[in-house]
Structure formats: structure tokens, C-alpha cells
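Numbers in my numbering are just positions in the sequence shown, counted from 1, shifted up by 1. C-beta atoms are modelled at their ideal positions from N, C-alpha and C, and glycine is treated no differently. Note that the coordinates shown come from a computational prediction; the quantities given were computed from them, not determined experimentally. A quick write-up on the structure given underneath.
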Amino acid sequence: MFSSSGLEQSPSSELQHVTGVWQRMQGSSPIYDFLFSTITLISATKGSIKAHLTLGPNHVNSRGTLHGAVTAAIVDWSGGLAIATHGLEKTGASVDIHVTYLATARVDEVIEIEATANKVGKSMAFTTIKVSKLVDGEVGAVVATASHTKFVQLVQQEKK
2 MFSSSGLEQS PSSELQHVTG VWQRMQGSSP IYDFLFSTIT LISATKGSIK
52 AHLTLGPNHV NSRGTLHGAV TAAIVDWSGG LAIATHGLEK TGASVDIHVT
102 YLATARVDEV IEIEATANKV GKSMAFTTIK VSKLVDGEVG AVVATASHTK
152 FVQLVQQEKK
């Protein structure tokens, strides 16, 4: 497991890569810094990442449940990192995000974020994301599912 604060066990090369991408993003994205300073990247393989986030006051709406805009930001962040597992240093520009909200989550609950890059092409990348509650370390209710499309042509050109 690798968190933004340190290495706990030997991570995969993809996890090392996306952790580096995430660390370089920090400080240049105020919204990500505000929302995701405590997020932990758990695993990464080519095409997918998994992360955990303990929800705090920054993440909830006036009813005390996970804010829809925060969920959309989670989709943007995690979809981009799933794309980065393909060796990209940047994550592209969002073209389209669709989120389906299925359940709630509250402060102090932990959510698991699973993002998959279904296709990373020359100009576009397509991802799917699932956000679930973690209950006693096990995946529980699905909080949201999403699809996220990103423009990656300029990022792909930088890779060469």
C-alpha cells in the first residue's frame, strides 16, 4: 500500500508511477488539494487504480452526506489516474462525466474508489468508476457509478 505520506509495502510499478503523477498534481490543483489531501492509493495495475478516502467535513453537503460535486471530482481524479497507468505523465482534459448516485456516505465513513481505463486511444480515453462504502474492511454498498471521457491527444504527444 502506498499513501501520499509514505511507502508501507513494495508497490507495483504502475502504483509507483501513478503515485508520482498524483504527487506532481498536488499543489497545482487547489480543489484536489482541498478534497483529496488524505486519499490513499491502494493499488494500481495497467488500466486500473484503487483508492480509499475517509470522508470529512469537506466532502459532505448540508444533510451530512457525500456531496454530488465531490463525487464528480472523485470521478475526474480517479479516471485520470487510471489513464495514467498507461505510462502517461498527465491525465488529459475532461470531455464528459456521467455520475449515477445510488447511496449515501457520511463523515468518518471510508469509501473505496475503483477506476478502470477501458480504452486509452490516440486522442480519447474512456473510463468507468465505482465508489463503494468500506464496512469493516469489506466492500459494502455502491455509492455511485460513473463514466468519464477524457481528451488525451496532447498528453499522448508529450509521451513520445
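{"Query": "From the DSSP output, in three-state form, read off residue 68 for me.", "Result": "coil"}
{"Query": "Assign residue 87 to one of three DSSP states: helix, strand, or coil.", "Result": "coil"}
{"Query": "Inspect the beta-carbon positions of residue 56 and residue 116 and report whether they are closer than 8 Å.", "Result": "no"}
{"Query": "If the criterion is Cβ atoms closer than 8 Å, does the pair residue 48 and residue 149 meet it?", "Result": "no"}
{"Query": "In angstroms, rounded to a whole number, what distance separates the CA positions of residue 77 and residue 93?", "Result": "10 Å"}
{"Query": "Under the assumption that residue 143 contacts residue 121 (Cβ atoms under 8 Å), give the Cβ distance between them as a whole number of angstroms.", "Result": "In fact, because the Cβ distance is near 25 Å, the residues do not count as touching under 8 Å."}
{"Query": "Suppose you measure from the CA of residue 41 to the CA of residue 19; what does that come to, to the nearest Å?", "Result": "12 Å"}
{"Query": "How about the region 82 to 97 and the region 55 to 73: do they share at least three Cβ pairs that are nearer than 8 Å?", "Result": "no"}
{"Query": "For the candidate residues 61, 132, 125 and 17, whose alpha-carbon lies nearest to that of residue 75?", "Result": "132"}
{"Query": "To which residues of the same chain is residue 155 closer than 7 Å at the C-beta, ignoring the five residues directly before and after it?", "Result": "none"}
{"Query": "If distances are taken between C-alpha atoms only, which option among 87, 123 and 62 comes closest to residue 14?", "Result": "87"}
{"Query": "For residue 145, I'd like the list of residues in its chain whose CB is within less than 7 Å of its CB, leaving aside the five on either flank, ordered along the chain.", "Result": "72, 100, 101, 102, 103 and 132"}
{"Query": "Quick one: what's residue 49 bridged to in DSSP?", "Result": "46 and 117"}
{"Query": "Is the separation between the beta-carbon of residue 134 and that of residue 84 shorter than 8 Å?", "Result": "no"}
{"Query": "Exposed or buried, what is residue 70 when buried is set at 16 or more other beta-carbons lying within 10 Å of its beta-carbon?", "Result": "exposed"}
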